[in-house]
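**Student:** In our numbering, the protein residues as written are 130 to 567.
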Ligand code: SF4
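1. Using the Cβ count rule (16 or more neighbours within 10 Å means buried), how would you classify residue 245?
2. Using only CA atoms, which one of 229, 310 and 160 lies nearest to residue 171?
3. Rounded to the nearest angstrom, what separates residue 164 and residue 212 at their Cα positions?
4. Since residue 390 is in the alpha helix (DSSP H), which residue starts that stretch and which ends it?
5. I need the straight-line Cα distance from residue 339 to residue 271, nearest angstrom please.
6. Go to residue 546, then tell me how far its beta strand (DSSP E) extends in each direction, as first and last residue.
7. In the stretch 186-223, which residue ranges form an unbroken alpha helix (DSSP H) of at least 4 residues, counting only runs that do not cross its ends?
8. Of the residues 353, 261, 391 and 302, which one's Cα is nearest the Cα of residue 569?
9. May I ask you to list the residues that DSSP assigns as paired with residue 540?
10. Can you determine whether any heavy atom of ligand 1 sits closer than 7 Å to the C-beta of residue 523, and answer yes or no?
11. With a Cβ-Cβ cutoff of 8 Å, do residue 267 and residue 249 count as a contact?
12. How is residue 174 classed by DSSP in three states: helix, strand or coil?
13. Give me the residue from 538, 332 and 296 with the minimum Cα distance to residue 252.
14. Under three-state DSSP, which class holds residue 337?
15. Tell me, which residues are paired with residue 466 by DSSP?
16. Tell me residue 461's beta-bridge partners as DSSP assigns them.
17. Comparing the CB of residue 383 with every heavy atom of ligand 1, is any distance shorter than 7 Å?
18. Are the beta-carbon atoms belonging to residue 208 and residue 238 less than 8 Å from one another?
19. For residue 494, which residues in the same chain have their Cβ closer than 8 Å to its Cβ, ignoring the five residues on either side in sequence?
20. Tell me, to the nearest whole angstrom, how far the beta carbon of residue 263 is from that of residue 232; I am working on the premise that it is less than 8 Å.
21. Label residue 350 either buried or exposed according to how many other C-beta atoms from any shown protein chain fall within 10 Å of its C-beta, with 16 as the threshold for buried.
22. Just to confirm, are residue 498 and residue 359 a CB contact at a threshold of 8 Å?
23. With C-beta atoms as the reference, is residue 306 less than 8 Å away from residue 329?
24. Buried or exposed: where does residue 348 fall if 16 or more other Cβ atoms within 10 Å of its Cβ makes it buried?
25. Once you ignore the five residues that flank residue 527 on each side, which residues in its own chain have a CB closer than 8 Å to its CB?
26. Tell me where the beta strand (DSSP E) around residue 271 begins and ends.
27. So, with DSSP's three-state summary, where would you put residue 293?
28. Please find out if some non-hydrogen atom of ligand 1 comes closer than 7 Å to the beta-carbon of residue 495.
29. Residue 390: beta carbon under 7 Å from a heavy atom of ligand 1?
30. Can you tell me whether residue 209 sits near ligand 1, meaning its C-beta is under 7 Å from at least one heavy atom of the ligand?
31. Taking buried to mean at least 16 other C-beta atoms within 10 Å of its own C-beta, is residue 311 buried or exposed?
32. Using the Cβ count rule (16 or more neighbours within 10 Å means buried), how would you classify residue 506?
33. Using CA atoms only, rank isn't needed, just tell me which of 279, 318, 332 and 371 is closest to residue 299.
34. At a cut-off of 7 Å, would you count residue 239 as near ligand 1, judging by its Cβ distance to the nearest heavy atom?
35. Answer yes or no: the CB of residue 175 versus the heavy atoms of ligand 1, is any distance below 7 Å?
36. Mark residue 119 as exposed unless 16 or more other C-beta atoms lie within 10 angstroms of its C-beta, in which case mark it buried.
Here it is, written out as structure tokens:
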């Protein structure tokens with residue numbers, strides 16, 4: 130796909146400016162025209178050796194990484210999409226000495242720059258201050274345990290937990306917004322609440338809970354079962370009532386279904402929940418999505434009604450590898466083009482893989498007829514990683530939607546456990562419960 134002439138911004142919303150800009154709202158984006166989030170893996174170099182690393186990071190930089198001119202060209206082209214979020218990831222972005230120039234350029238042209246450095250000794254006060262001064266608006270750090278022992282074991286380097294906790298406190302001390310990323314695996318699946326409780330005292334804006342996709346060093350054996358996925362979703366919903374930060378999931382789009390189902394059940398029972406309770410829960414479909422704009426990262430009490438436009442791989446989301454390959458996600462490493470020769474917007478809008486990913490009705494199996502497909506659709510990455518087909522059904526979802534033409538109601542294989550009743554509510558029942566409460 131050749132590089133077309135600049136078609137200008139595609140967002141229908143206001144264009145963000147570097148100074149005093151508000152966060153873009155997800156509803157301002159037409160996902161067929163523009164992603165909400167662009168993620169660039171600036172390098173795969175990293176001094177950590179995380180058990181589950183998607184990038185299979187290694188100690189040294191690759192000679193084929195995009196250089197600084199190519200980096201600026203990528204940022205400039207991304208800006209033509211409109212006020213998208215730009216996430217710098219790795220490896221460890223701090224392995225690139227030009228990273229502050231990259232942040233500064235993105236910020237100066239009006240992108241909302243965020244970054245996910247590795248939890249290493251490089252995260253000093255001076256470095257974090259430089260990030261902020263260059264224009265970074267949010268720092269995202271990874272934390273997979275509530276203690277040195279549990280986190281460092283996972284990350285493969287002693288000291289990572291302390292460096293990470295220090296970086297959170299330094300960032301907050303200088304007024305930089307912080308997001309914490311946690312990957313749920315069989316190693317920490319029963320410590321989710323402990324991690325949340327520890328984070329409650331750290332003044333973070335968002336807790337992003339990743340569910341492992343078996344790519345890179347992350348193998349299937351590390352994943353939690355489908356039922357455990359469902360159980361953790363319910364736990365996150367409950368935590369969302371009391372935690373002083375927003376919660377969202379990554380690579381677990383079916384959490385949005387559980388959000389809607391639990392909110393409906395809570396309302397039906399008159400329970401104080403996220404459908405009207407004291408604490409709004411993020412239904413944010415992806416990184417700092419801001420559908421309602423009324424929470425720390427854009428969440429609000431409408432709960433069930435706010436995930437109407439779900440980000441998914443290739444749908445509102447695009448990933449660029451350290452070599453410039455354009456992919457639907459870092460967890461779905463199928464290259465559709467390369468920014469060195471192709472137009473990012475052309476690939477995102479017109480490549481057949483991206484177009485197919487944005488058509489849930491064309492998905493195979495139950496995700497193709499599920500009544501929640503417009504808010505969920507399942508993780509396309511996990512479908513690809515497990516089956517080899519990115520249009521296959523999400524293999525780790527316990528919901529069984531009603532088949533077209535069948536009288537058999539929706540059900541859920543997550544049975545006999547807390548909140549199982551909610552998990553079997555169909556979209557119509559969710560809608561009915563919410564309208565009864567109005
Ligand atoms: S069946 Fe697919 S679309 Fe429906 S809730 Fe499960 S993952 Fe989502």
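In this text, a Cβ means the ideal position worked out from N, Cα and C, and glycines have one as well.
Quantities reported herein were computed from a predicted structural model and do not represent experimental measurements.
**Tutor:** Reading it off the structure:
1. Within the chain shown, residue 245 is the residue found at index 116, counting from 1. The residue in question, residue 245, is buried, as its Cβ has 16 or more Cβ neighbours within 10 Å.
2. Translated into the one-based positions of the chain shown, residue 171 becomes position 42. It is 229 whose Cα lies nearest to the Cα of residue 171.
3. One-based indexing of the chain shown puts residue 164 at position 35. One-based indexing of the chain shown puts residue 212 at position 83. Their Cα atoms are separated by approximately 10 Å.
4. The sequence position of residue 390 within the chain shown is 261, counting from 1. Per DSSP, residue 390 belongs to the alpha helix (DSSP H) from 384-398.
5. Counted from its first residue, the chain shown places residue 339 at position 210. Counted from its first residue, the chain shown places residue 271 at position 142. Approximately 10 Å between the Cα atoms of the pair.
6. On the chain shown, position 417 is the one that residue 546 refers to. Element bounds for residue 546: n/a, residue is neither H nor E.
7. You should have 197-208.
8. Nothing about residue 569 can be reported from this structure: the residues present for the chain run from 130 to 567 only.
9. Against the chain shown, residue 540 aligns to sequence position 411. According to DSSP, which records beta bridges pairwise, residue 540 is partnered with 529.
10. Position 394 of the chain shown, counting from 1, holds the residue named residue 523. At least one heavy atom of ligand 1 is nearer than 7 Å to the Cβ of residue 523, so yes.
11. Residue mapping note: residue 267 aligns to position 138 of the chain shown, counting from 1. Residue mapping note: residue 249 aligns to position 120 of the chain shown, counting from 1. No, the pair does not count as a contact, with Cβ atoms beyond the cut-off.
12. Sequence index remark: in the chain shown, residue 174 carries index 45 (1-based). In this structure, residue 174 counts as strand in the three-state DSSP scheme.
13. On the chain shown, residue 252 is found 123 positions in, with the first residue counted as 1. Selected option, being the one with the closest Cα: 296.
14. Along the chain shown, read from residue 1 onward, the residue named residue 337 stands at position 208. It is a strand residue.
15. In the chain shown, residue 466 corresponds to position 337, counting from 1. 455, per the DSSP bridge assignment.
16. Residue mapping note: residue 461 aligns to position 332 of the chain shown, counting from 1. Note: residue 461 is bridge-paired with 458 in the DSSP secondary-structure output.
17. For this step, residue 383 is matched to residue 254 along the chain shown. Checking every heavy atom of ligand 1 against the Cβ of residue 383, one is found closer than 7 Å.
18. Translated into the one-based positions of the chain shown, residue 208 becomes position 79. Translated into the one-based positions of the chain shown, residue 238 becomes position 109. Contact flag set, yes.
19. Within the chain shown, residue 494 is the residue found at index 365, counting from 1. Hits under 8 Å: 521 and 522.
20. Looking up residue 263 in the chain shown gives position 134. Looking up residue 232 in the chain shown gives position 103. So it is a contact: roughly 4 Å between Cβ atoms.
21. Walking along the chain shown from the start, residue 350 turns up at place 221. Label assigned to residue 350: exposed.
22. On the chain shown, residue 498 is found 369 positions in, with the first residue counted as 1. On the chain shown, residue 359 is found 230 positions in, with the first residue counted as 1. Against a cut-off of 8 Å, the Cβ pair of residue 359 and residue 498 comes out as no contact.
23. Against the chain shown, residue 306 aligns to sequence position 177. Against the chain shown, residue 329 aligns to sequence position 200. No. Outside cutoff.
24. Indexing the chain shown from 1 puts residue 348 at position 219. Exposed: under 16 other Cβ atoms inside 10 Å.
25. Position 398 of the chain shown, counted from the start, is the residue given in the question as residue 527. Counting only Cβ-Cβ distances below 8 Å, and skipping sequence neighbours, we find 355, 356, 358, 359, 541, 542, 543 and 552.
26. Along the chain shown, read from residue 1 onward, the residue named residue 271 stands at position 142. Start and end: 267-271.
27. The sequence position of residue 293 within the chain shown is 164, counting from 1. The answer is helix: DSSP assigns residue 293 an H, G or I state.
28. Within the chain shown, residue 495 is the residue found at index 366, counting from 1. Because some heavy atom of ligand 1 lies under 7 Å away, the Cβ of residue 495 counts as near it: yes.
29. For the purposes of this step, residue 390 is taken as the residue at position 261 of the chain shown. Every heavy atom of ligand 1 is 7 Å or more from the Cβ of residue 390, so no.
30. Residue mapping note: residue 209 aligns to position 80 of the chain shown, counting from 1. Every heavy atom of ligand 1 is 7 Å or more from the Cβ of residue 209, so no.
31. Working through the chain shown from its first residue, we reach residue 311 at position 182. With 16 or more Cβ atoms within 10 Å of its Cβ, residue 311 is classed as buried.
32. By 1-based counting over the chain shown, the position of residue 506 is 377. The residue is buried, with at least 16 neighbouring Cβ atoms inside 10 Å.
33. Here residue 299 refers to the residue found at position 170 of the chain shown. Checking every option, the nearest Cα to that of residue 299 belongs to 332.
34. Along the chain shown, one-based indexing puts residue 239 at 110. No, ligand 1 has no heavy atom inside 7 Å of this Cβ.
35. Looking up residue 175 in the chain shown gives position 46. For ligand 1, not one heavy atom lies less than 7 Å from the Cβ of residue 175.
36. Given a span of 130 to 567 for the chain in the structure shown, any question on residue 119 remains unanswerable.
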